[in-house]
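Report on the following structure.
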Amino acid sequence: MTRFLPAEEFAPKAYALLPCRFEPLDEGLILSNMAGEPMFIDRSRFEALVQGRFSTTDPLFPELRAKHFVREPGEQHPIELLALKVRTKYAHLADFTNLHLFVVTLRCDHSCQYCQVSRQSEDKLRYDMTPETADKALDLVFLSPNPAIKIEIQGGEPLLNWPVVEHIILGAEARNRVARRALQIVIATTLSLVTDDMLYFCRDHNVLLSSSLDGPADLHDRNRPRPGRDSHAKFVAGLTKARDIVGADAVSALMTTAPASMDRVRDIIDEYVRLGFRDIFLRHVSPYGFAAKTRSYAAYNAQKWLEFYKEGLRYILELNAAGVPFVENYSRLLLTKMLTPRDPGFVDLSNPCGAGILAVVFNYDGEVYASDESRMLKEMGDASFRIGDVHKNTYKEIFTSDALLTVLDESFTLSAPMCSDCALEPWCGTDPVFHHGMTGDLLGRKPASEFCKRQMGAVKHLLRLMRDNSDAQRLFRRWAGC
Amino acid sequence: MQIRLDPAAYSVEAAEKAAYRLIDRIAVLVSTDASAIVCEITPEDPALIDAFKREVLDQQLRLSIRTQTEDVRNLILAFAFSRTGLQQ
Ligand code: SF4
Chain A
16 MTRFLPAEEF
26 APKAYALLPC
36 RFEPLDEGLI
46 LSNMAGEPMF
56 IDRSRFEALV
66 QGRFSTTDPL
76 FPELRAKHFV
86 REPGEQHPIE
96 LLALKVRTKY
106 AHLADFTNLH
116 LFVVTLRCDH
126 SCQYCQVSRQ
136 SEDKLRYDMT
146 PETADKALDL
156 VFLSPNPAIK
166 IEIQGGEPLL
176 NWPVVEHIIL
186 GAEARNRVAR
196 RALQIVIATT
206 LSLVTDDMLY
216 FCRDHNVLLS
226 SSLDGPADLH
236 DRNRPRPGRD
246 SHAKFVAGLT
256 KARDIVGADA
266 VSALMTTAPA
276 SMDRVRDIID
286 EYVRLGFRDI
296 FLRHVSPYGF
306 AAKTRSYAAY
316 NAQKWLEFYK
326 EGLRYILELN
336 AAGVPFVENY
346 SRLLLTKMLT
356 PRDPGFVDLS
366 NPCGAGILAV
376 VFNYDGEVYA
386 SDESRMLKEM
396 GDASFRIGDV
406 HKNTYKEIFT
416 SDALLTVLDE
426 SFTLSAPMCS
436 DCALEPWCGT
446 DPVFHHGMTG
456 DLLGRKPASE
466 FCKRQMGAVK
476 HLLRLMRDNS
486 DAQRLFRRWA
496 GC
Chain B
12 MQIRLDPAAY
22 SVEAAEKAAY
32 RLIDRIAVLV
42 STDASAIVCE
52 ITPEDPALID
62 AFKREVLDQQ
72 LRLSIRTQTE
82 DVRNLILAFA
92 FSRTGLQQ
């Protein structure tokens, strides 16, 4: 007589399916449950599962149960757990807007290819934010119920309107002495015009710097022309000074992926490593910017970007394997959504869309936009995403404006054709400004959408790596913080 | 090219959703007659027609999941968003 009953004796006799979505992945399928937890399964088993023919003694059954794809009939516990996870995923929405961008000037010392908004102008009055406009915008910022407030001061080149930059920082601090939020202030600057005094001010007021680095000098200078063709040299000098004065981790860098970057991803990453950065964002940049200005859209479609991204990720995995810790931030965002119940609240990867409710833009003239891309569209003559004006509208008028509510409603993926059935939806976003800019329609037809192709391509690539490469899987878990 | 689907095994909704998913590559007109769901497909590309058939199967599977889990899905959403302030 054996002392223990065989494992099958403990398997439930029957099961009930829980809500889930699936998408083909190579020969098999990827499933996601309501909280966005993924699981790999082969097609025949999944068909058996849905048709009620799946054996509860199958080796996959415990995983299906643990990840809430099935429950025992009548079992309440998985429903409560799933509800808790779904609630956690959407909890950040109740906090409302976190990121507030201030465009303090359109003037810039650079004339970058992709940029639709910068102006080479001496006429300060025309394109600079005034202290009065800044004050009105700050009053609105502190009406956001979010316990964490992030203010990002940008341009053009914001340092060209330094008095207003100082005014915003001091004004935010003064208001926050009463409001008591977790306040973080960032200046987005190329660092080309930064002075020691500015950096001491940043140090004294805990201001971080978000800069731009597009790769090695030849590529960076080609992307970012300025008089003297010395953008990269100025960046390196500014970076060194800023790290000395403000702090070693005070400067982050953002890369603009231009058509000329496409074959250079290893060089770009090498440059980031050389300059002491520990991460990079292989981000896709609004194609209508390039399209409108350079007519080079074909050089930069989803397919091209995906090749660039995959090659970059391959190199980053190699670097990590060789003992150089380095993170790719787009993957990190997606992986956090896939592997944890947290939502990183990234504007382009949110549903409902992040425009307006996660981030809002105060333009130099006081107009309020739902996102940075939407004010770019405005500069190209399309004001669809203008949601108000700090001089004319109240907080309530701006955030319940038809312009904003229509965007939120019409781009909602859970009711969108294809997205509502898509297993990748919990990790995806909606990006109505992109779809509007490209097709004139907030939702876009997803089968033909470059956004969808990019998302599908990147997420499936990450899934394949997790499935087939145990080193990648370990590294990705670390990136996601689990 | 015409494909006829047995209405006992497939729904019009599955055919329509499959057509939508392939909208960038083929045009499908879905209609019904007395005995079948009729899908009129252009252009006549065998690989794309196979893709459409596979997609119909997947969509039918999705509908089956939805039918089986609709009630519990609503229950989970009701639990998730009660007392969060998000439902107002
Ligand atoms: S955009 Fe594409 S990948 Fe994203 S949820 Fe919709 S169908 Fe899925």
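Here the protein sequences come in this chain order: A and B.
Reminder that position 74 of the first sequence reads as 89 in the numbering used here, one-by-one numbering, no gaps.
Reminder that position 58 of the second sequence reads as 69 in the numbering used here, one-by-one numbering, no gaps.
The beta-carbon is built from N, C-alpha and C at its ideal position, and this holds for glycine as well.
Remember, it's a predicted structure, so these values are computed and weren't measured experimentally.
- Interface criterion not met: the Cβ of B:F63 is under 8 Å from no Cβ in chain A.
- In the DSSP assignment, A:Q169 falls within the beta strand (DSSP E) that extends over 163-169.
- Assigned with DSSP and collapsed to three states, A:C127 falls in coil, not helix or strand.
- With a 10 Å radius around the Cβ and a threshold of 16 neighbouring Cβ atoms, A:K411 comes out exposed.
- Taking the Cα positions, B:F63 is about 23 Å away from A:L64.
- A direct Cα-to-Cα measurement between A:L79 and A:V300 gives close to 38 Å.
- Looking at A:L46, A:P162, A:K165, the one whose alpha-carbon comes closest to that of B:I76 is A:L46.
- Not one heavy atom of ligand 1 is found less than 7 Å from the C-beta of A:K249.
- The continuous beta strand (DSSP E) containing A:L114 extends over residues 114-118.
- In terms of beta-carbon proximity, B:Y31 lines the interface with chain A, with at least one pair separated by less than 8 Å.
- Listed in chain order, the alpha helix (DSSP H) elements of length 4 or more contained wholly in the region 191-256 of chain A are 211-219, 232-238.
- As DSSP reads the structure, A:A31 sits in a beta bridge with A:R86.
- In this structure, A:L373 lies away from A:N191, with their beta-carbon atoms at least 8 Å apart.
- Within the same chain, and ignoring the five residues on either side of A:P367 in sequence, the residues whose Cβ sits closer than 8 Å to its Cβ are L108, L423, S426, F427, T445.
- Secondary structure at A:Y379: coil, using DSSP grouped into helix, strand and coil.
- Exclusion of the five residues before and after A:H451 leaves S399, L457 as the residues of its chain whose Cβ lies within less than 7 Å of its Cβ.
- Restricting attention to A:E24, A:T205, A:D110, the CA atom closest to the CA of A:G369 is found in A:D110.
- DSSP places A:R492 in the uninterrupted alpha helix (DSSP H) bounded by 485-495.
- Restricting attention to A:V375, A:V362, A:C434, A:M353, the CA atom closest to the CA of A:A495 is found in A:M353.
- Your pair A:Y379 and A:D154 does not check out as a contact, with CB atoms roughly 17 Å apart and the cut at 8 Å.
- B:I48 is outside the set of residues whose beta carbon lies under 8 Å from a beta carbon in chain A.
- For the pair B:L59 and B:L86, the CB atoms are not nearer than the 8 Å cut-off.
- At a cut-off of 8 Å between beta carbons, B:L59 makes no contact with chain A.
- Within the region 69-99 of chain B, those residues whose Cβ lies closer than 9 Å to any Cβ of chain A are, in chain order, D69, Q70, L72, R73, S75, I76, R77, Q79, T80, E81, V83, R84, L86, I87, L88, A89, F90, A91, F92, S93, T95, G96, L97.
- Separation of A:A463 and A:Y384 (C-alpha to C-alpha, rounded to the nearest whole angstrom) is 27 Å.
- At a cut-off of 8 Å between C-beta atoms, A:V474 does not count as an interface residue with respect to chain B.
- Using a CB distance cut-off of 8 Å, B:I34 counts as an interface residue toward chain A.
- In terms of Cβ geometry, A:A275 and A:N221 do not form a close pair [threshold 8 Å].
- CA-CA distance, A:L198 to A:I166, rounds to 8 Å.
- A:L349 has its Cβ no nearer than 7 Å to any heavy atom of ligand 1.
- Shown in chain order are the members of the region 56-84 of chain A whose Cβ falls below 9 Å from a Cβ of chain B: F61, E62, V65, Q66, G67.
- With a cut-off of 7 Å, the C-beta of A:C437 is classified as near ligand 1, since at least one heavy atom of the ligand falls inside that distance.
- Between the region 50-62 of chain A and the region 74-90 of chain A, the count of C-beta pairs closer than 8 Å reaches three or more; the two stretches touch.
- When DSSP states are grouped into helix, strand and coil, A:D387 belongs to the helix group.
- Residue environment: A:T409 is assigned as exposed (fewer than 16 neighbouring CB atoms within 10 Å of its CB, all protein chains considered).
- Using beta-carbon distances, A:D436 counts as an interface residue toward chain B, with a partner under 8 Å.
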